[in-house]
Amino acid sequence: MPVVQQLLEFKKYPAMLIETACASWAFMVSSLLFYGLAYGWDRFGDSLYVTYLYVALGELIANVSVLLVLKVIGRKVTLVSFYAGASICFFLGIINHQFSQLWSVERVMSMLASFFTACSFCLMFLFIGETSPTTHRGMISSGGSFCARVSAFFGPLISAAGLTSAQSLSLFGALAASGALTSLLLPETRGREIPATAKGVHERRKEQKLLFN
Numbered sequence: 426m427p428v429v430q431q432l433l434e435f436k437k438y439p440a441m442l443i444e445t446a447c448a449s450w451a452f453m454v455s456s457l458l459f460y461g462l463a464y465g466w467d468r469f470g471d472s473l474y475v476t477y478l479y480v481a482l483g484e485l486i487a488n489v490s491v492l493l494v495l496k497v498i499g500r501k502v503t504l505v506s507f508y509a510g511a512s513i514c515f516f517l518g519i520i521n522h523q524f525s526q527l528w529s530v531e532r533v534m535s536m537l538a539s540f541f542t543a544c545s546f547c548l549m550f551l552f553i554g555e556t557s558p559t560t561h562r563g564m565i566s567s568g569g570s571f572c573a574r575v576s577a578f579f580g581p582l583i584s585a586a587g588l589t590s591a592q593s594l595s596l597f598g599a600l601a602a603s604g605a606l607t608s609l610l611l612p613e614t615r616g617r618e619i620p621a622t623a624k625g626v627h628e629r630r631k632e633q634k635l636l637f638n
């Protein structure tokens with residue numbers, strides 16, 4: 426299908442435009458949070474090697490967990506849950522309490538948020554492709570990946586912007602919450618045939634009784 430015709434179908438079938446925008450935003454949020462956390466561990470006093478070891482183990486568990494959870498509760502609920510979990514952890518991390526010289530509420534919650542963020546980031550690579558029709562999958566998946574790569578530059582900048590811990594955690598928490606809300610507008614794709622055309626996306630949205638169908 427010619428590119429011009431592909432673009433015109435976004436206007437003809439607004440449901441596909443809405444889902445593309447929502448999936449791209451969710452992808453951007455995942456990427457920003459993932460890299461924002463990855464470049465912000467130096468604010469804790471412990472060795473960076475130890476911290477990155479904990480985070481690496483958490484991400485490994487996250488990647489395996491995604492595969493297991495998807496089969497049980499589906500894509501949409503899983504994605505919303507991961508974003509909501511990350512948001513809660515970020516906001517709880519604002520609590521100023523030290524368990525010991527090295528461990529604090531902020532550090533523990535940041536590591537838990539890193540787990541949920543890694544889960545959502547991993548899932549978005551699959552989900553954005555499944556929400557796209559066959560005729561537009563290359564365009565939508567590439568566009569979403571491009572948005573994620575752009576936002577990946579802003580995560581580390583936020584961590585290095587000189588904000589207080591409470592400010593950066595609040596911002597990350599709000600972004601994670603926006604990812605959860607945006608994901609609610611996406612369809613469930615587990616066990617369902619992927620639409621071949623933009624018209625199929627419109628019909629799927631009506632079938633699942635989603636907003637803006």
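FYI, the numbering for the sequence shown is 426 to 638, going by my numbering. Think of the CB as a built atom: it goes at the ideal place given N, C-alpha and C, for glycine as much as any other residue.
>> Please report the straight-line C-alpha distance between Arg500 and Pro427, rounded to a whole angstrom.
In response: Between the C-alpha atoms of Arg500 and Pro427 there is a straight-line separation of about 30 Å.
> So who's on the other strand from Gln526, going by DSSP bridges?
Replying inline: Partner(s): none; Gln526 has no beta bridge.
>> Suppose the cutoff is 6 Å on Cβ atoms and the five residues either side in sequence are ignored; what does the same chain contact list for Phe507 look like?
In response: Phe541, Cys544, Ser545
> Buried or exposed: which applies to Gly616, given that a residue is buried once 16 or more other Cβ atoms fall within 10 Å of its Cβ?
Replying inline: The residue in question, Gly616, is exposed, as its Cβ has fewer than 16 Cβ neighbours within 10 Å.
>> Between the alpha carbons of Phe516 and Thr476, how many angstroms are there, rounded?
In response: 21 Å
>> Are the CB atoms of Gly554 and Phe459 within a distance shorter than 8 Å?
In response: no
>> What does the alpha-carbon distance come out to for the pair Ser595 and Ala605?
In response: 15 Å
> How close, in whole Å, do the beta carbons of Ser593 and Glu531 come, if the pair is a contact with beta carbons under 8 Å?
Replying inline: About 10 Å separates the two Cβ atoms, so there is no contact after all.
>> At 4 residues or longer, what runs of the alpha helix (DSSP H) sit wholly inside the segment 481–537?
In response: 500–517
> Below 8 Å, can you find three or more Cβ-Cβ pairs linking the segment 564–578 to the segment 449–456?
Replying inline: Between the segment 564–578 and the segment 449–456 there are three or more inter-stretch CB-CB distances shorter than 8 Å, so the stretches are counted as touching.
> What number of angstroms, rounded off, separates the C-alpha of Leu548 from the C-alpha of Leu611?
Replying inline: 13 Å
>> Along the chain, where does the alpha helix (DSSP H) containing Ala585 start, and where does it finish?
In response: Looking at the DSSP string, Ala585 is not in any alpha helix (DSSP H), and its letter there is neither H nor E.
>> Relative to the C-alpha of Ala509, which candidate in Ser603, Asn488, Gln526, Ile565 has its C-alpha closest?
In response: Ser603
> So Thr556 packs on Ala623, CB below 8 Å; how close in whole Å?
Replying inline: At roughly 12 Å, the Cβ-Cβ gap does not stay under 8 Å, so Thr556 and Ala623 are not in contact.
> Which residue's Cα is closest to the Cα of Ile443: Gln430, Ile619, Ser608, Leu478?
Replying inline: Ile443 has its Cα closest to that of Ser608, out of Gln430, Ile619, Ser608, Leu478.
> Around the C-beta of Ser456, are 16 or more other C-beta atoms found within 10 angstroms, so that it is buried, or is it exposed?
Replying inline: buried
> Under the rule that 16 or more other beta-carbon atoms within 10 Å means buried, what is Val497, buried or exposed?
Replying inline: exposed
>> Residues in the same chain with beta-carbon distance under 7 Å from Gln633, minus the five sequence neighbours each way, listed in chain order, please.
In response: Pro612, Glu613
> Taking the alpha helix (DSSP H) that Gly393 falls in, what are its first and last residues?
Replying inline: Lying before the first or after the last residue shown, residue 393 is absent from the chain, which here runs from 426 to 638.
>> Residues in the same chain with beta-carbon distance under 6 Å from Ala577, minus the five sequence neighbours each way, listed in chain order, please.
In response: Excluding positions up to five away in sequence, the list reads Ser456, Tyr460.
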